[in-house]
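Visitor: Below is one structure. I have some questions about it.
There are 2 protein chains.
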Amino acid sequence: MRSGYGWLHQNFRGGGPPPTLPRRYIINIFTTQRGHLSAEDVFTKVQKLYPRTGFATVYRTLDLLRREGILRRFEFGDGRARYELADQNFHHHHLVCRQCGRIINYSDFTKEEEELFRRIEKALKKKYDFAIDSHQLHFYGLCARCQKSKKEEL
Amino acid sequence: MRSGYGWLHQNFRGGGPPPTLPRRYIINIFTTQRGHLSAEDVFTKVQKLYPRTGFATVYRTLDLLRREGILRRFEFGDGRARYELADQNFHHHHLVCRQCGRIINYSDFTKEEEELFRRIEKALKKKYDFAIDSHQLHFYGLCARCQKSKKEEL
DNA sequence: TCCTTATTGATAATGATTCTCAATAGAGTA
DNA sequence: TACTCTATTGAGAATCATTATCAATAAGGA
């Protein structure tokens, strides 16, 4: 795993994957507005910037960026994967609304969580001989809006 | 959500979904051997017990049982959903091997986790007005076997 | 300009899951 | 036992996200 965007600013054959136009555009999308984007979301957005882009390129690029450690891939249970910038300075977890699919990042409590998780990871490594490199914590429920609309139904 | 398997032992029109043969068989599969079964896994197993069963019935039944609160559905990132018995007395989290896909349940530390998670849930509810009903915690990494085979490669 | 190589776009293929619809099975009733 | 009603079933088609294929293209170096 490379350490960052270095290769993006290099020329072709500069050591990393060539920083082609679609790749630059797709990274831009993620850096300018943090979110949990599906491949389709990304496709729609790149289309506006660079209309000749194909769906295959989007998928390939998302996977490339994931392998490079620039993006993280998540599955929240609705059948389509989401991608997010892998920013070490913004470790967070997710709140997922079962109704509307809205996803909220939260980074409260990360200190306590991190401490507990570090301990857990260490112990699990010892007990199961499992080399842990990451974790995902998702809370599922109903967001404010969906709770309200559910009440109104009754 | 119903509270348990009650309807399974009732007759048809006894208040819940009819406890048909495929449904009984599929539940049996989950109660006799805990695991994280994909739809295909279940299909293969039911086939042996009741060969006329179709794939559609497996999917329908899995979803029915999930809605009834008997099964939980998970996605670990390999593109196929897994189902597990929703046993309140065996709350646990998962270790997922990135290489071979092996999944280990662990229930160590649940006391500390539960305590922290209860606190987090309470605070998130307050801050984001989000009604949390469940969570999933997955650790990703390499299992013992895959670590070993990776070493041997070098 | 030519050569080499990796990426691209269009499209076909895949794989998991869901839908459709006629056939069937269970339970109550006569 | 035969009849009726309704929900479930099985087979296969359809859908959806994702991946693979392959000829055309673009970039950098000679």
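One line per chain: the protein sequences are A and B, in this order. Under the working numbering, the very last position in the first sequence is 1511; numbers go up by exactly one each time. Under the working numbering, the very last position in the second sequence is 1511; numbers go up by exactly one each time. From the three backbone atoms N, C-alpha and C, an ideal C-beta is built for every residue, glycine too.
Of all Cβ atoms in chain B, is any one closer than 8 Å to the Cβ of His1492/A?
Guide: It does; some Cβ of chain B falls within 8 Å.
Visitor: Please go through the same chain and pick out, in chain order, the residues whose beta-carbon is closer than 8 Å to the beta-carbon of Ile1383/B, but skip the five residues on each side of it.
Guide: Only Val1399, Val1403, Val1415, Thr1418, Leu1419 and Leu1422 meet the Cβ criterion.
Visitor: According to DSSP, simplified to helix, strand and coil, what is Cys1454/B?
Guide: Strand at Cys1454/B.
Visitor: Assign Tyr1407/A to one of three DSSP states: helix, strand, or coil.
Guide: Note: Tyr1407/A maps to coil in three-state DSSP.
Visitor: Taking C-beta pairs closer than 8 Å, name the residues in chain A that Tyr1485/B reaches, listed in chain order.
Guide: Result: Leu1452, Ile1461, Tyr1463, Cys1500 and Ala1501.
Visitor: Does any residue of chain A have a CB that is nearer than 8 Å to the CB of Gln1504/B?
Guide: Yes, Gln1504/B lies at the interface with chain A (some Cβ there is under 8 Å from its Cβ).
Visitor: For the stretch 1466-1484 of chain B against the stretch 1423-1437 of chain B, do three or more pairs of beta-carbon atoms, one drawn from each stretch, fall closer than 8 Å, so that the two count as touching?
Guide: No, the stretch 1466-1484 of chain B is not in contact with the stretch 1423-1437 of chain B.
Visitor: Which word fits Cys1457/A, buried or exposed, when buried means at least 16 other C-beta atoms lie within 10 angstroms of its C-beta?
Guide: When all chains shown are included, Cys1457/A counts as exposed.
Visitor: Touch check for the stretch 1479-1492 of chain A and the stretch 1475-1491 of chain B: three-plus C-beta pairs under 8 Å?
Guide: They do not touch, by the three-pair rule.
Visitor: Could you please tell me which residues of the stretch 1415-1432 of chain A, in chain order, have their CB closer than 8 Å to any CB of chain B?
Guide: Residues passing the 8 Å Cβ filter: Arg1430 and Glu1432.
Visitor: Please name the residue, chosen from Lys1505/A, Ile1386/A, Ala1501/A and Gln1493/A, that lies closest to Glu1432/A on a Cα-to-Cα basis.
Guide: Out of Lys1505/A, Ile1386/A, Ala1501/A and Gln1493/A, Gln1493/A has the C-alpha closest to the C-alpha of Glu1432/A.
Visitor: Who are the near neighbours of Asn1462/A in its chain, counting only those whose CB is closer than 7 Å to its CB and skipping five residues on each side?
Guide: Counting only Cβ-Cβ distances below 7 Å, and skipping sequence neighbours, we find His1449 and His1451.
Visitor: In whole angstroms, what is the alpha-carbon distance linking Met1394/B and Arg1437/B?
Guide: With the sequence shown as reference, residue 1394/B is identified as Leu, and Met is not the correct amino acid for it. One C-alpha to the other measures close to 10 Å.
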